[in-house]
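Okay, structure first, notes after.
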Amino acid sequence: MSPDPFAVHDSGMSFSHKPVLTGERAVLRPFTEDDAPVMARILADPEVLRLTGSPTGEFGTDRLRSWYGSRNDHADRLDLAVVDRASGELVGEVVLNDWDEANRSCCFRILIGPGGRDRGLGTEAVRLMVGHAFEEVGLHRVSLYVFTHNPRARRAYEKAGFVAEGIERQTLWQDGKWIDAVRMSVLAPEWAARRGLPVGRRDAPDGDGVSSTAR
Numbered sequence: 517m518s519p520d521p522f523a524v525h526d527s528g529m530s531f532s533h534k535p536v537l538t539g540e541r542a543v544l545r546p547f548t549e550d551d552a553p554v555m556a557r558i559l560a561d562p563e564v565l566r567l568t569g570s571p572t573g574e575f576g577t578d579r580l581r582s583w584y585g586s587r588n589d590h591a592d593r594l595d596l597a598v599v600d601r602a603s604g605e606l607v608g609e610v611v612l613n614d615w616d617e618a619n620r621s622c623c624f625r626i627l628i629g630p631g632g633r634d635r636g637l638g639t640e641a642v643r644l645m646v647g648h649a650f651e652e653v654g655l656h657r658v659s660l661y662v663f664t665h666n667p668r669a670r671r672a673y674e675k676a677g678f679v680a681e682g683i684e685r686q687t688l689w690q691d692g693k694w695i696d697a698v699r700m701s702v703l704a705p706e707w708a709a710r711r712g713l714p715v716g717r718r719d720a721p722d723g724d725g726v727s728s729t730a731r
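This is how it looks when you write it as structure tokens:
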């Protein structure tokens with residue numbers, strides 16, 4: 517019998533394991549402090565700042581070196597670099613954070629710089645990371661927010677199975693106007709159905725329900 521891909525062990529769960537996830541176009545790998553200069557350029561990109569609602573201004577390389585050099589030390593979140601498999605270029609990051617262990621849920625975010633856009637890298641990175649959250653970590657729910665002026669990101673999330681739950685009105689003031697945010701989520705049974713996988717006992721309708729968000 518094949519192992520249940522959604523089984524959750526009573527010993528608990530965490531993000532202490534920092535995997536390498538490989539797809540056809542993208543590779544997700546743990547960060548190192550040497551990634552800081554490239555990430556500094558990506559984070560300063562005007563389109564990245566606009567679509568993520570981040571404050572303008574440069575991120576210091578020294579600060580980012582400390583940040584990315586410490587990402588592998590945290591068992592309550594998972595930060596992975598998004599790398600173009602063909603060229604080896606670092607093009608962004610993907611993150612699972614705001615972990616709620618009791619309810620087996622977390623938040624998701626992704627950031628793709630100009631070198632990785634319009635080539636399917638972001639869509640595949642979403643699928644790889646969310647798949648890891650459900651099939652390896654054993655989460656039940658993954659949620660996110662996406663601003664309404666970023667329809668490309670919303671389409672990528674919908675391709676991965678995320679469903680819109682509601683609108684948070686006027687959450688971002690940008691370019692002289694208010695912008696809404698859409699809250700989206702995907703559940704383990706929904707992911708299993710899309711992937712043709714069995715539903716784990718704790719996510720089945722008659723399961724015992726025993727349990728082992730940042731923008």
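Start counting the sequence shown at 517; every next residue gets the next number (this note's numbering).
Just so it is clear, CB atoms sit at the ideal spot from N, CA and C, and this is done for glycine as well.
Query	Result
Please identify the residue among A618, L637, L627 whose C-alpha is closest to the C-alpha of D600.	L637
Going along the chain, which unbroken runs of the beta strand (DSSP E) with 3 or more residues stay wholly within the segment 557-643?	594-600, 606-616, 621-628
Could you tell me which residues DSSP pairs with W707 in its beta bridges?	Beta-bridge pairing links W707 to no other residue.
Mapping DSSP to helix, strand and coil, what is V653?	helix
Under a three-way DSSP split, which group does V646 fall into?	helix
Between S701 and the rest of its own chain, which residues show a CB-CB distance below 7 Å, the 5 nearest in sequence each way excluded?	R657, V658, S659, F678, V679, E681
Let me confirm a value: H533 is counted as buried when at least 16 other C-beta atoms fall within 10 Å, else exposed. Which label applies?	exposed
Going by DSSP in three states, A523 sits in which element: helix, strand or coil?	Low confidence applies here, because A523 scores a pLDDT of 46, under 50, leaving its location unreliable and the question unanswered by this model.
Could you check whether V642 and A672 sit closer than 8 Å to each other, using their CB atoms as the reference points?	yes
Got a sec, what are the start and stop residues for the alpha helix (DSSP H) A668 sits in?	The question names Ala, yet the displayed sequence has Arg at residue 668. That run of the alpha helix (DSSP H) goes 667-675.
Could you tell me which of W707, R541, L627 sits nearest to A602, measuring between CA atoms?	R541
Excluding the five sequence neighbours on either side, which residues of its own chain have a C-beta within less than 7 Å of the C-beta of L703, listed in chain order?	H656, R657
Could you tell me the alpha carbon to alpha carbon distance between D614 and R593, rounded to whole angstroms?	7 Å
How would you write the range of the beta strand (DSSP E) that L713 sits in, first residue to last?	L713 -> no beta strand (DSSP E), and no H or E assigned at all.
Between R545 and V554, which are expected to be in contact by the criterion C-beta below 8 Å, what is the C-beta distance as a whole number of angstroms?	Not confirmed; about 13 Å, so no contact.
Going by DSSP, what residue range makes up the beta strand (DSSP E) through T687?	679-690
Which one or two residues does DSSP pair with V702 in a beta bridge?	V658
With burial defined as no fewer than 16 other Cβ atoms inside 10 Å of the residue's Cβ, what is the status of N666: buried or exposed?	buried
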